[in-house]
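Numbering (my numbering), first residue to last: 251 to 326. Using N, Cα and C, we set each Cβ at its ideal position, and we do this for glycine too. Contents: one structure, followed by commentary.
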Amino acid sequence: MEVLPLQNTENDVDKLKAVIFLQSVYRGYLARRRVQLMKERSSGQETTVIFFLQQVENSSEHMFNCQKNTRKLLKA
251 MEVLPLQNTE NDVDKLKAVI FLQSVYRGYL ARRRVQLMKE RSSGQETTVI
301 FFLQQVENSS EHMFNCQKNT RKLLKA
């Protein structure tokens with residue numbers, strides 16, 4: 251994937267806003283998935299669910315950091 255430098259045009263700002271929106275949608279999905287995994291965990295499928303839950307939390311943290319960095323770019 252090629253990374254192009256930002257030129258602070260309206261088009262770039264719109265693209266960054268779209269990225270932030272998609273990241274928030276993804277984080278919402280991860281939150282719903284975490285609740286679903288917690289329910290599965292309470293039903294007895296603990297070892298598998300704990301592994302997936304940790305992966306979901308890691309993905310969520312990574313997306314949050316990406317979103318923070320994107321917002322910094324928007325302010326620049």
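Taking residue i as the reference, which of the options has the closest Cα?
{"i": "Thr320", "options": "Gln305, Lys265, Asn261", "result": "Lys265"}
{"i": "Ser309", "options": "Ala281, Gln286, Val285", "result": "Ala281"}
{"i": "Glu311", "options": "Arg291, Gln273, Val285, Glu290", "result": "Gln273"}
Between the beta-carbon of residue i and the beta-carbon of residue j, is there less than 9 Å?
{"i": "Leu331", "j": "Lys267", "result": "The chain is shown only over 251 to 326; residue 331 falls outside these bounds and no answer can be derived."}
{"i": "Arg277", "j": "Gln305", "result": "no"}
Quick check: is any heavy atom of the ligand NAP less than 8 Å from the C-beta of residue i?
{"i": "Lys267", "result": "This structure simply doesn't include the ligand NAP, nor any ligand for that matter."}
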